[in-house]
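Just so we're aligned, residue 23 is where the sequence shown starts under this note's numbering, counting upward by one. A virtual CB, placed ideally from N, CA and C, is assigned to each residue, including glycine.
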Amino acid sequence: MDKKRLLIIGAGGHGKVVFDIAAKCGYLSIGFLDDADENNPLVLAGVSDFKKYINEAEFFVAIGNSRVREKILSDLIANGAEIATLIHPNAVVAQNVQIGCGTVVMASAVINPDTFIGDGVIINTSSSVDHDCKVADFCHVSVGSHLCGTVNVDSHTWIGAGATVINNINICSDCMIGAGAVVVSDINVSGVYVGVPAKFIKKL
Ligand SMILES: CC(C)(COP(=O)(O)OP(=O)(O)OC[C@H]1O[C@@H](n2cnc3c(N)ncnc32)[C@H](O)[C@@H]1OP(=O)(O)O)[C@@H](O)C(=O)NCCC(=O)NCCS
Numbered sequence: 023m024d025k026k027r028l029l030i031i032g033a034g035g036h037g038k039v040v041f042d043i044a045a046k047c048g049y050l051s052i053g054f055l056d057d058a059d060e061n062n063p064l065v066l067a068g069v070s071d072f073k074k075y076i077n078e079a080e081f082f083v084a085i086g087n088s089r090v091r092e093k094i095l096s097d098l099i100a101n102g103a104e105i106a107t108l109i110h111p112n113a114v115v116a117q118n119v120q121i122g123c124g125t126v127v128m129a130s131a132v133i134n135p136d137t138f139i140g141d142g143v144i145i146n147t148s149s150s151v152d153h154d155c156k157v158a159d160f161c162h163v164s165v166g167s168h169l170c171g172t173v174n175v176d177s178h179t180w181i182g183a184g185a186t187v188i189n190n191i192n193i194c195s196d197c198m199i200g201a202g203a204v205v206v207s208d209i210n211v212s213g214v215y216v217g218v219p220a221k222f223i224k225k226l
């Protein structure tokens with residue numbers, strides 16, 4: 023297989039940023055699979071056409087919706103696709119950090135020691151995940167947000183832009199933490215939380 027070719031599923035805004043990171047990571051040929059963006063010359067085919075390319079390229083799923091991201095990543099893996107993990111050259115990843123497949127770590131993000139990042143996670147631009155954290159599969163740590171030390175975030179939870187989670191906090195799966203929120207106590211019920219300190223406002 024040509025290890026230098028990457029197909030990105032999803033040609034939207036997130037896909038553009040992933041494309042740029044992939045180029046900086048040294049992929050020589052990068053294209054998109056997308057059902058909706060036929061006018062983009064970099065879109066080679068629709069998403070369901072991925073099987074045509076399965077022996078020719080690595081794949082990355084750049085879809086913001088975590089359930090859709092999970093479904094497509096599962097289909098790719100079930101069909102034997104090779105999945106890329108992308109780490110921007112200007113991200114800082116400390117020693118003894120585990121990062122799962124299909125995860126992207128964007129520019130200026132910092133991941134500190136003994137942290138575990140699952141599969142299909144987005145560690146967005148200028149965010150930080152401090153020591154001994156666990157960020158489970160299909161989470162999104164948004165632009166400029168911060169997880170202090172020993173924070174556990176369960177799957178499919180989205181930490182909004184500029185939010186902070188103080189140290190030793192557990193957040194359950196399927197939460198949306200609003201932009202700018204500060205989480206100061208454990209969250210055990212899935213839902214949308216906003217404000218300082220973050221409070222439940224509604225179910226997802
Ligand atoms: C939390 C959030 C998901 C809620 O969105 P929504 O479901 O459309 O909710 P609404 O806009 O109807 O807001 C509901 C209420 O919460 C308030 N609210 C919404 N987001 C808030 C936030 N981040 N902080 C404080 N209050 C907020 C609204 O003012 C509104 O209050 P009201 O009922 O008194 O008028 C959204 O506002 C948000 O913060 N998204 C984060 C986006 C982001 O970080 N993107 C990063 C991409 S990298």
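Here Ile188 is not near Asn174, since their CB atoms are 9 Å or more apart. Using a Cβ-Cβ distance cut-off of 8 Å, the segment 142 to 158 and the segment 121 to 129 are in contact, since at least three pairs of beta carbons, one from each stretch, lie closer than that value. Of the residues Ile133, Tyr75, Ile199, His178, the one whose Cα lies closest to the Cα of His110 is Ile133. The DSSP-derived three-state label of His110 is coil.
Taking 3 residues as the minimum length, the beta strand (DSSP E) runs contained wholly in the segment 29 to 59 are 51 to 55, in order along the chain. The beta carbons of Cys155 and Thr179 sit no closer together than 9 Å.
Separation of Val214 and Gly32 (C-alpha to C-alpha, rounded to the nearest whole angstrom) is 26 Å. Assignment of Val119 by DSSP, reduced to helix, strand and coil, places it in the coil class.
In the displayed model, Leu64 falls within coil according to three-state DSSP, outside both helix and strand.
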